[in-house]
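Step one of this worksheet: look at the structure below.
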Amino acid sequence: MKASSQLVYAAPFVCAALFATMGCDGGGSGSAGGDLSALTLDPDQEIHRIAFGSCADETAPQPIWDAILEADPDLFIFSGDAVHNSGGPAALDEAYAKLAAIEGFRKLRETKPMLAIWDDHDFGLNDGGASFEGKDVAKQKFLDFWQIPADSPRATRPGLYDAVTVGPEGRRLQIILIDTRWFRDPLRRSEVSTGGHGPYIEHEDPSAEMIGEEQWEWIIEKMEQPADVRILVSSIPLLTSREHWEKWTNFPEDVSRIVGVIETTNAYHTLIVSGGRHFGAIYRGGLGVPYPLHEVATGSLNMADAPPAEAVRDMTRIGDPFYVPNFGVIEIDWEKDSVRLELRDEKGVTLRHMILDLATLEM
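Adding 98 to a residue's 1-based position in the sequence shown gives its number in our numbering.
Structural data, given as structure tokens:
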């Protein structure tokens, strides 16, 4: 399949196949993908600023959209939980309607392209996975809300994974949206207390999987394609291993495999964007990759959890996490061959940032 990137605008009655001649699935160099509305990115446009966030409670105010609009990104990525639905698939229509009615979100969707992947709440079940019987219903509601055409690969294949490549040769940005829900085996629960830091621990069964073989084959295909900066979007954290909530390291075989894929495809300049937690943090860790991976974890857009009574020490995390509403920004300086990773609060104030030379993110 040739990529089905969903760069979505709010134009509710226009879902034109502007780039239909380029094929689906965001495949080749310079292709912006097939599932595009009439108002969208030029496939050759240079992307300089990407904003992203996760975990939005549609029943509460979301003032953070004003700061995101002020940041003026070229596109916005929802890395999961666009709605914080807890009523199962039957409640998703109402949840999405409430999100669509929020003025700041509506303004952003009217003026900027959006990419989206789901997490457990828009999947329809808290911490849900492959065995959830309502996932097909939840998927259709996701497709409807994000205006993804019925002939899109996202609509016709299992799961909602997706990819897009945008920009001219030498300045190509690839974004890969990974589905951590559809194929995921049951989580393994700890039989002893984890001190309030979550109920889950690593699987001992090497066959336990989160990504699924079909999606792995697709990820390898995408990462073999040329890109000058690559962003992997996951609805749950990849680099952290210390806490006991949902994270990649609950499935050690999947962690080993993503490391192997990055190495064997020579996927340099790879960054990670994640969601699923109600705090913001930046992580740095190799996992065995020959260059340091960096992850910007955001959450929530409008919910602030209280910090735990006893902080978890995480050697991959840079500084303390931020327990305030937050969003992330990645700025690409193509002239200087560098990227700036940033966390901002709901007023747009920078909480933490770091600048990386792309030359340090190579094999």
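Even glycine gets a Cβ: it sits at the ideal position worked out from N, Cα and C.
Roughly how many angstroms lie between the CA atoms of residue 310 and residue 183, to the nearest whole one?
-> One-based indexing of the sequence shown puts residue 310 at position 212. One-based indexing of the sequence shown puts residue 183 at position 85. Rounded to whole angstroms, residue 310 to residue 183 spans 25 Å at the Cα level.
Taking the alpha helix (DSSP H) that residue 219 falls in, what are its first and last residues?
-> Walking along the sequence shown from the start, residue 219 turns up at place 121. Residue 219 -> alpha helix (DSSP H) spans 218-221.
Is it the case that the Cβ atoms of residue 367 and residue 327 are separated by a distance below 8 Å?
-> On the sequence shown, residue 367 is found 269 positions in, with the first residue counted as 1. On the sequence shown, residue 327 is found 229 positions in, with the first residue counted as 1. For residue 367 and residue 327, yes; Cβs fall inside 8 Å.
Can you give me the Cβ contacts of residue 221 inside the same chain, cut-off strictly under 6 Å, excluding the 5 residues immediately before and after it?
-> Position 123 of the sequence shown, counted from the first residue, corresponds to residue 221. The answer, listed in chain order, is 236, 279.
Local conformation of residue 446 per DSSP, three classes = Residue numbering aside, residue 446 sits at position 348 when the sequence shown is read from its first letter. Three-state DSSP puts residue 446 in coil, outside helix and strand.
In its own chain, which residues sit with a C-beta less than 8 Å from the C-beta of residue 376, not counting the 5 before and 5 after it?
-> In the sequence shown, counting from the first residue as 1, residue 376 sits at position 278. Excluding sequence neighbours, residue 376 sits near 153, 397, 398, 401, 402, 403, 421.
Run the CB neighbour count on residue 445, radius 10 Å, all protein chains shown included, and call it buried at 16 or more, exposed below.
-> Here residue 445 refers to the residue found at position 347 of the sequence shown. Exposed, since its Cβ has fewer than 16 Cβ neighbours within 10 Å.
From what residue to what residue does the alpha helix (DSSP H) around residue 190 run?
-> For the purposes of this step, residue 190 is identified with residue 92 of the sequence shown, where counting begins at 1. Its alpha helix (DSSP H) spans residues 190-198.
Beta-carbon proximity list for residue 277, same chain, < 7 Å, skipping 5 on both sides = Here the question's residue 277 lines up with position 179 in the sequence shown. Short of 7 Å from the beta carbon of residue 277, and not among the five residues preceding or following it, lie these beta carbons of its own chain, in chain order: 215, 257, 258, 259, 313.
Does the count of Cβ pairs from the segment 330-344 and the segment 177-193 closer than 8 Å reach three?
-> yes
Give every residue of the same chain whose Cβ lies closer than 7 Å to the Cβ of residue 461, excluding the five residues on either side of it in the sequence, and list them in chain order.
-> Numbered from 1 along the sequence shown, position 363 holds the residue referred to as residue 461. Excluding positions up to five away in sequence, the list reads 364, 366, 388, 389.
Taking only runs that begin and end inside the segment 301-332, name each unbroken alpha helix (DSSP H) of 4 or more residues, in chain order.
-> 311-321
Identify whether residue 246 lies in helix, strand or coil by the three-state DSSP scheme.
-> Against the sequence shown, residue 246 aligns to sequence position 148. In the displayed model, residue 246 falls within coil according to three-state DSSP, outside both helix and strand.
Which one of 372, 383, 290 has the shortest CA to CA distance from residue 149?
-> Here residue 149 refers to the residue found at position 51 of the sequence shown. The candidate whose alpha carbon is nearest that of residue 149 is 372.
Tell me which same chain residues have a C-beta within less than 7 Å of the C-beta of residue 189, skipping the five on either side of it?
-> Locating residue 189 in the sequence shown gives position 91, counting from the first residue. Once the five neighbours on either side are set aside, the close Cβ partners of residue 189 are 183.
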